[in-house]
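Structure record follows, encoded as structure tokens.
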Amino acid sequence: MQKCIKNGPLAQLLNAKKAYPVRPEPWKGPPTVSYRKMFRNQYDTDVTTWSPAGRLFQVEYAMEAVKQGSAAIGLRSKTHIVLGCVNKANSELSSHQKKIFKVDDHIGVAIAGLTADGRVLSRYMRNECINYSFTYESPLPVGRLVVQLADKAQVCTQRSWKRPYGVGLLVAGLDESGAHLYYNCPSGNYFEYQAFAIGSRSQAAKTYLERKFENFTDASRDDLVKDALMAIRETLQGETLKSSVCTIAVVGVGEPFHILDQGTVQQMIDAFEIVGEQEGPAAEPDAAAGQEASAEPEQGAAAGEGVAPMDI
Amino acid sequence: MNFMASKQPENSLLGPESDSQRTLYPYVTGTSVVALKYKDGILMAADMGGSYGSTLRYKNVERMKAIGKHSLLGASGEISDFQEILRYLDELILYDNMWDDGNSLGPKEVHNYLTRVMYNRRNKFNPLWNSLVLGGIKNGQKYLGTVSMIGVNFEDNHVATGFGNHLARPILRQEWHENLSFEDGVRLLEKCMRVLLYRDRSAINKLQIAKITEEGMTISQPYSLKTYWEFSAFENPTQGAVGSW
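Protein sequences appear in the order of chains A and B.
Residue numbers for the first sequence follow UniProt numbering, beginning at 1 and rising by one.
Residue numbers for the second sequence follow UniProt numbering, beginning at 1 and rising by one.
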């Protein structure tokens, strides 16, 4: 075993705390320690290796991939679930990636992370739903689909020739007991939520949702969509919220899963931009205020139009 | 082993599976099942006979069984195939219960599952030789359907299998109405079963009536219908036409 030089490069590497490099470190010349020591630790080569602390690093790295993806949020009432996501296109010339998928009339999913993995899992979910519908002429209960999905993800954490899926899924669906929102993560765990956000800058959305979630159970469908848009706005952190940067989808009792079209979304954004965060309109919706210019400086417009200041 | 059955003519198009055993004829069979929807759920009647060809060999065969919490299955045709179906459904309900998640398979789902099974077996030329009646009630919704050995399935307010199709359904069409009381439903079923008893040679005078409601399934003890054979036309049946029956 190599002797540990105090404060030498090896010691620094071994003592480094959770350092998740967001971008590769600048080239400092050829490495002075062996390549093996350049990785954070020696237990992260494959998913079937435990660390002495009882962790599977590959699974944790997969969950990192979810945190790097663009944000997706979900929230539910007793009868409806709303999914929303931030669409970021690579360039002005390209279209943005599809991150919300309809799985069945009563189930939809929003993803964050490796969208290719998300597409493959959506296809699996659609397949399961349609097979169940064909055999039983009845919709697959979302709770069962979520468990099947989680078991599928778990398989990838226990085979040396596989890697975990690098995508987090917010699954919205209905079953006999009402509306449900689940989060499936690459580790194979799943959790049920009243409201949740995943992806980059999701903490801001989560903070907003934590403040408001108690009202969600009995909220109307439109209020739920409004809250979803607000939560998305939190993740944008200063950027204008317009329908071109976000996608909203709704599913509920008597309302099959569908993605709202951009026009409807823009209308809803315009309506509440004027009203502000408080429930109940503080000012009359102004036709002129429909333009983005006045809605844009969310904090600046506060004094002029009676809109409450954003408290992030 | 039935050698006649597995011998193939030279120009047979069947592949390697042509020598495998497939159902060609039924052996121990049950006769009609009749069922109808009433106010609180479903009523179903079937006699307890298992015929071996023209012999009324077994007289204590229960041809109606509860499936899960919400459904009731009645079968006519090959009894051993009915038992096999019960094994399939037992496994289905078991896995459904194992989810333990508040969702459960209702009569519609079970009916469709059975349709898939029956139709797929028919496609392989190895049918389960049964006509099934599947009834139940879940969350206030009544359901009554039937599947045959060739996969024909439909749902209706009243169904019957075998001879019941010819003798019972006309009576039901005349006299069934929405929201029958329990007594009226039983009376109607007994009327159908009596006609079947008179006219179906494989019927025996020992029947059970099962009911399924939101509370669950109950099945009556076996009993007999009163019959009347003193019609004057029976005394000298061939009087009008010698050589007739």
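By construction, the Cβ of each residue, glycine as well, lies at the ideal position given by its N, Cα and C atoms.
Predicted model only: the values in this text are computed from it and were never measured.
Contact between SER80 of chain B and ALA168 of chain B does not hold, since their C-beta atoms are separated by about 25 Å, which reaches or exceeds 8 Å.
Partner residues in the beta bridge of LEU83 of chain A, as assigned by DSSP, are A:GLY74 and A:ALA249. With fewer than 16 other Cβ atoms from the protein chains shown falling within 10 Å of its own Cβ, PRO52 of chain A counts as exposed. Across the stretch 89-110 of chain B, CB contacts with chain A closer than 9 Å involve TRP99, ASP101, GLY102, ASN103, SER104, LEU105, GLY106, LYS108, GLU109 and VAL110, in sequence order along the chain. DSSP, reduced to helix, strand and coil, places GLN266 of chain A within a helical segment of the structure shown.
Note on geometry: alpha-carbon atoms of LEU89 of chain B and TYR113 of chain B lie some 9 Å from one another. Between the C-alpha atoms of PHE272 of chain A and ILE259 of chain A there is a straight-line separation of about 20 Å. Between the stretch 158-176 of chain B and the stretch 105-120 of chain B there are fewer than three C-beta pairs closer than 8 Å, too few to call the two in contact. Chain A places a beta carbon closer than 9 Å to that of TYR113 of chain B, counting this residue as a contact. Following the DSSP letters along the chain, one finds ARG123 of chain A inside the alpha helix (DSSP H) bounded by residues 115-136. It is roughly 14 Å from the alpha-carbon of PHE57 of chain A to the alpha-carbon of LYS162 of chain A. Counting along the chain, ALA35 of chain B sits inside the beta strand (DSSP E) bounded by residues 33-38. Within a 10 Å sphere around the beta-carbon of LEU92 of chain B sit 16 or more other beta-carbons, which makes this residue buried.
Contact between VAL167 of chain A and GLY199 of chain A fails: their C-beta atoms lie close to 10 Å from each other, not under 8 Å.
The alpha carbon of THR115 of chain A has as its nearest neighbour, out of A:ASN87, A:VAL251 and A:SER133, the alpha carbon of A:ASN87. The stretch 71-85 of chain B and the stretch 128-140 of chain B touch, with three or more beta-carbon pairs separated by less than 8 Å.
Annotation for GLY68 of chain B: no alpha helix (DSSP H) segment contains it, and DSSP assigns it neither H nor E. For SER94 of chain A, there are no neighbours in chain B by C-beta distance under 7 Å, as the nearest C-beta there is about 42 Å away. Collapsing the DSSP output to three states places GLY240 of chain B in coil. Taking a C-beta cut-off of 9 Å against chain B, none of the residues of the stretch 209-234 of chain A qualify. Under DSSP, ASP100 of chain B forms no beta bridge with any residue. If you draw a straight line from the Cα of ILE107 of chain A to the Cα of MET64 of chain B, it is about 37 Å long. Taking 9 Å as the threshold, the shortest C-beta distance from ARG116 of chain B to chain A falls below it. THR115 of chain B is not bridged by DSSP to any residue.
Beta-bridge partners assigned by DSSP to GLY145 of chain B: B:LEU134 and B:GLU155. A Cβ-Cβ separation of about 6 Å places LYS59 of chain B in contact with LYS206 of chain B under the 8 Å criterion.
For ILE198 of chain A, the enclosing beta strand (DSSP E) starts and ends at 195-198.
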